[in-house]
Structure formats: structure tokens, C-alpha cells
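A short worksheet on the structure shown next.
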Amino acid sequence: MIPMPRRPTLVGPPADTAGEGPLSDHTDDELMLLARGGIEGAFDTLIRRHQQLVLRLAFRYGRNAAWAADVAQNTFVEVYRALPRYRAHGKFKSYLYQILLNQCRRSRRSARTELRALDILMRAPTEAPAEVLAREQRREVEAALDTLSTKLREVVLLRFGADLTYKEIAELLEIPVGTVKRRMFVAIAKLRDELELT
Amino acid sequence: MKPGRDPRIGTETLAAYLEGELTQSESVRLAEDLRQDPEAQRRLEQLRRISDVLRRQDSELEGLDLVYGVRQALLEPASPAWKHPARWLAAGGFAAAAGVALFAALRSPTVDASEFQARSAGTPSADATRWAGVKIYSSHAGAEPQLLQGRLSRGDGLLFAYTNLGAQPFDYLMLFAVGASGQIHWFYPAYEQLGDNPQSIEIEHGMAEVMLPQVVRHQYTPGPLFVYALFSRKPLRVLQVEEWLEQRHGQPPDRPPFRDASLQRVSVKVE
């Protein structure tokens, strides 16, 4: 066929109207890519999806709510900063918790943490007796956790604190799945023994 | 059970059982053993309580939302944890524009949804295919451009916005249409001179709703018109694609000609 000369005419882009999209329907990888592409709200959605478990793991690790909040916040800041380098392989959770663990390992309490502690204290609801009991149980278990080696402790925290699968933990810690399971079963047994002693 | 004693059912085995990590036959056997071993039952219950406690949500953390704090931390100019504070501001500005564009598209009526499907010729692009596509706007007699609704007037101009996300985004894009008489109309790349053989335009990775800068007008033949977006990883030539179209003897393609490419087809009627 004979192509005809065609010259496009330049005009302005179409007018935009604001609205809302179903960002919560996207996977973690998709949200990371959308955030990198500048889609407003994508990174916020990612934070809100994971913050609860990130906070829980950090809290179990540091046994201090204010410290956990700072560590969790720094973790998301680090993830945001790494957006341009992020590679979407469907392993966002492992990636996120690897950063969180590193933050936990190197983080120390700071003056700012103390201020945040006050903030959290002011917002804490009055505890019912059942809650007091639950908190005491948790403290006992957390004290028992402190007696474990770092290797065993981190596997337990990742499994129960962050709800990661054995495969995800293995990827994150770069060890075989079998090793993760072995550490996990040994850790739980040791925790029980420790609690039995107290 | 005190530590040091050698229980018949090991606590580690109980932990594996609790975690669902025993085989079915092992689980059945263990369940039978447990019925005759109250002490092991007690240990199992202790393990269950430990995992419940560790999984429990903490009241101290209830209601905490990190979004505001993260945003603030990213804005702190002197924060050692944030070496490029302008990035968040820049991203925010861009996000507003891009977000508005995306939301506008999401709110707008879709173009013939059954046709508006990109199809992939090979599995490697499956992810990219899901996240690559174009939206088409028509511009009629100087009026504000509207999302194409399946009908087009002969002299209407067309605008295109592409999205290229996913783990393996594409690198190149071609936009063209095949009219009722089999005539091929090129939008991108522009095909203006006989003897030219321009190639696909390069597109950006990880971007949504990137508006291409021109409105392209052609004199279409009244009747059906198929508008195509061909995403690829290698640059393609106009004549290469025209040859492929001619080999189909007037049958509008619905799959890309090459592996690891994606073809989106939009059907409209020219009036």
C-alpha cells in the first residue's frame, strides 16, 4: 500500500478532572511502581497496608511502643528512598522486613522517641482487667524471647510478629527453608521451657 | 514437664505439629499419641498460648498511623535519614498531576471494554501486558478532548496517553489504525514521507497516563476503524508492521506479531 503524507496538528492535552482510584486493589509491587511513577496516594496505601504488622514486629523486637513507632517510620522512609532502585519480583514483604530488621538491629532510643512515648501514653485507652492480664502474659513471653539467641528470636518475630511464611523468612534471611523451620521449632520449644521455669 | 526430661513426644515435634508442618500420616500418629499423653497435651496447649500471645495486636499501637510521620520525615531538610528532601516535594507535585490524570481516566467512561484488552503473544510479557495500555481521546472541532466512546467523526483528531508499568515494562510503542478500506493510518511514529521507514517511539518505564503531545488528524473512511497500540521491547519499523498487516488480508489482528509484545485493539465507528 502507498502511505499518504500525514502531518499531525499540535494542540494541548485534554483537561483533567480529579477523582479517586482503587489503589487498595493493587499488589505491593504495583503500588511501589505507581509510587515511583508519581501516583499520589500509592505509597500511603502501601504504608497503611503494612504498618500494623511492621509496628507489631518492631514492638516485639524492642518492647517499647515509642521505639517501635520510630523504627517503623524510618523503615518506610528508607523504602521510599529506595523507590528508584526497587525491582518488582513479587517479594515486597521480604524486602520490607529485611529493611525493618536492619533498622531494629541498629536503632537506638533517642530524645525524639521519648517525646513520642508521651504522645502514645496520652492516647492510650484505660485498660480493662482482661487487657492488663493480656499485657502481663505478653511481657512474660517477651521476657522469654529475650533469652533466645538472635537467630532464633528473629525467626519467631518474623513468623508471629509479621505473619511471614517460612519461604518469605528464608528469602529474607537468605537461609534454606528447612533451617528456618528447624530454628522455629527449637525456638518455640525453648520459649515454652523458659516460661515453664518462671 | 521440666526442661531436661526426655519426653516421649518432643516439644519441637509439637511445635511442628502446631505449625502444620508435619505430614498427614505424622499428624494422625501424633494425634493418637497425644490422646494417651496428658503431659504432652499440656505442653501443646502452652505452645498454642505462646503463639497466640505473640500474634496478638498490641493496644499501645492501636490507632497509630505512620503516613503523616513518614511524610514529615521525608520533608525534614537536615535529617540524616533523608538526603534528598526535595524529592518528596517534587514527587508530590508530579503525583498531583499524574494522579489527576489517572483518576480522570478511571472516572471517565471506558472505551468498549470488551475490545480494550491488550493481548500478549508470549508469557514473558504477561505482567507488562497487564500494566501497559493506552487511553484514547478524541478532539472534535476545537472542543475539549473527550475519552473516545466508540464513535469518531471523519475529521476528528486523536490524542493518546500510555501507561507502562509492571515488573518488566515495555520499551517501545507504535500507534496506528486500520480503516474500513484496509488503509493504515499512522499516529506514532509519524509517517509523513514516502520512502521513510520510521521506527517505534521510545516510552518511559514505570509511568502511568503519559500524554503524548500531539493530536493526530486523518481523513478516515466511514465505517469500522481499529485503533492499535503495539508495545514491544525492540524498536519496530513502520514497513515491517504494514507488511504484517497486509499478510492478514484485511483481517483485523487481535494478537501481536512478535513474541514478548503486546497489542491493544480499540474498535470505533467512523461516521
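Quick mapping for you: the protein sequence lines, in order, are chains A and B.
Each step along the first sequence adds one to the number in this note's numbering, with nothing skipped, and position 48 is 48.
Residues are numbered in this note's numbering as their position in the second sequence, beginning at 1, plus a constant of 198.
All residues carry an ideal CB built from backbone N, CA and C; glycine is no exception.
Limits of the beta strand (DSSP E) - the one that residue i falls within
i, result
"N362 of chain B", "G355 to N362"
"G421 of chain B", "G421 to S430"
"E407 of chain B", "M405 to M409"
"F385 of chain B", "I382 to Y386"
"L336 of chain B", "In the sequence under discussion, the amino acid at residue 336 of chain B is Ser, which differs from the Leu named in the question. Segment A330 to S337, the beta strand (DSSP E) holding S336 of chain B."
Residue span of the alpha helix (DSSP H) that contains residue i, given as start and end
i, result
"P245 of chain B", "Here residue 245 of chain B turns out to be Leu, not Pro, going by the sequence shown. P236 to R253 is the extent of the alpha helix (DSSP H) around L245 of chain B."
"Q366 of chain B", "Element bounds for Q366 of chain B: n/a, residue is neither H nor E."
"Q462 of chain B", "Looking at the DSSP string, Q462 of chain B is not in any alpha helix (DSSP H); the run it does join, the beta strand (DSSP E), is S460 to V468."
"S223 of chain B", "Q222 to R233"
"F43 of chain A", "A42 to G62"
"V71 of chain A", "A65 to R81"
"S94 of chain A", "F92 to R106"
"G267 of chain B", "V265 to L273"
"L162 of chain A", "Correcting the residue type first, residue 162 of chain A is Ala in the shown sequence and not Leu. Segment: none, A162 of chain A is in no alpha helix (DSSP H) and carries neither H nor E."
"V439 of chain B", "V436 to E444"
"D28 of chain A", "D28 to R36"
Chain A contact for residue i (CB, 8 Å cutoff)
i, result
"L245 of chain B", "yes"
"D235 of chain B", "no"
"G448 of chain B", "no"
"E224 of chain B", "no"
"A311 of chain B", "Its pLDDT being 27, under 50, A311 of chain B is placed unreliably by the model, and nothing is read from it."
"L272 of chain B", "yes"
"L363 of chain B", "yes"
"E217 of chain B", "yes"
"R349 of chain B", "no"
"E469 of chain B", "no"
"R352 of chain B", "no"
"R241 of chain B", "yes"
"V466 of chain B", "no"
"V265 of chain B", "yes"
"A330 of chain B", "no"
"A229 of chain B", "no"
"T209 of chain B", "yes"
Minimum Cβ-Cβ distance from residue i to chain B less than 8 Å
i, result
"L195 of chain A", "yes"
"Y61 of chain A", "no"
"I200 of chain A", "The question about residue 200 of chain A has no answer, for chain A in this structure spans 1 to 198."
"A162 of chain A", "no"
"V71 of chain A", "no"
"R106 of chain A", "no"
"D25 of chain A", "no"
"L57 of chain A", "no"
"D28 of chain A", "no"
is_contact[residue i, chain D] using C-beta, thresh 8 Å
i, result
"A238 of chain B", "Looking for chain D here will not work: the only protein chains present are A and B."
Three or more C-beta pairs closer than 8 Å, one from the segment 148–162 of chain A and one from the segment 63–80 of chain A: is that the case here?
-> No: the two stretches stay apart, fewer than three of their Cβ pairs being nearer than 8 Å.
Is the segment 237–256 of chain B close to the segment 36–51 of chain A, with three or more CB pairs under 8 Å?
-> Taking 8 Å as the limit for Cβ pairs, the verdict is that the segment 36–51 of chain A does not touch the segment 237–256 of chain B.
Would you list, in chain order, the members of the segment 394–408 of chain B that have their beta-carbon closer than 7 Å to a beta-carbon of chain A?
-> Considering only beta carbons, the part of the segment 394–408 of chain B lying closer than 7 Å to chain A consists of G404, M405 and A406, in chain order.
Any residues in the segment 247–258 of chain B with a beta carbon nearer than 8 Å to a beta carbon of chain A? Which ones, in chain order?
-> Going along the segment 247–258 of chain B in chain order, one finds R247, I248, S249, V251, L252, R253, R254, Q255, D256, S257 and E258 with a Cβ nearer than 8 Å to chain A.
Should the segment 62–75 of chain A be regarded as contacting the segment 400–411 of chain B, the criterion being three or more beta carbon pairs within less than 8 Å?
-> Contact annotation: the segment 62–75 of chain A does not touch the segment 400–411 of chain B, with fewer than three C-beta pairs closer than 8 Å.
Tell me, please, whether the segment 388–395 of chain B touches the segment 351–362 of chain B by the rule of three or more beta-carbon pairs shorter than 8 Å.
-> No contact exists between the segment 388–395 of chain B and the segment 351–362 of chain B.
Anything in the segment 76–104 of chain A with a Cβ closer than 8 Å to a Cβ of chain B? List those residues in chain order, please.
-> So the close ones are F76, V77, E78, Y80, R81, R87, A88, H89 and G90.
Anything in the segment 165–190 of chain A with a Cβ closer than 9 Å to a Cβ of chain B? List those residues in chain order, please.
-> Along the segment 165–190 of chain A, going in chain order, the ones with a CB nearer than 9 Å to a CB of chain B are Y166, K181, R182, M184, F185, V186, A187, I188, A189 and K190.
Using a Cβ-Cβ cut-off of less than 9 Å, list which residues of the segment 130–154 of chain A approach chain B; keep chain order.
-> Answer in chain order: E131, A134, R135, Q137, R138, E140, V141, E142, A144 and L145.
Can at least three beta-carbon pairs, one atom from the segment 407–421 of chain B and one from the segment 343–359 of chain B, be found at a separation below 8 Å?
-> With a cut-off of 8 Å, the segment 343–359 of chain B and the segment 407–421 of chain B count as touching, because enough Cβ pairs lie within range.
Inter-stretch contact (C-beta, 8 Å, three-pair minimum) for the segment 378–386 of chain B and the segment 414–424 of chain B | A contact exists between the segment 378–386 of chain B and the segment 414–424 of chain B.
Relative to chain B, which residues along the segment 31–48 of chain A have a C-beta separation below 7 Å, given in chain order?
-> Considering only beta carbons, the part of the segment 31–48 of chain A lying closer than 7 Å to chain B consists of L33, L34, R36, G37, G38, I39, E40, G41, D44, I47 and R48, in chain order.
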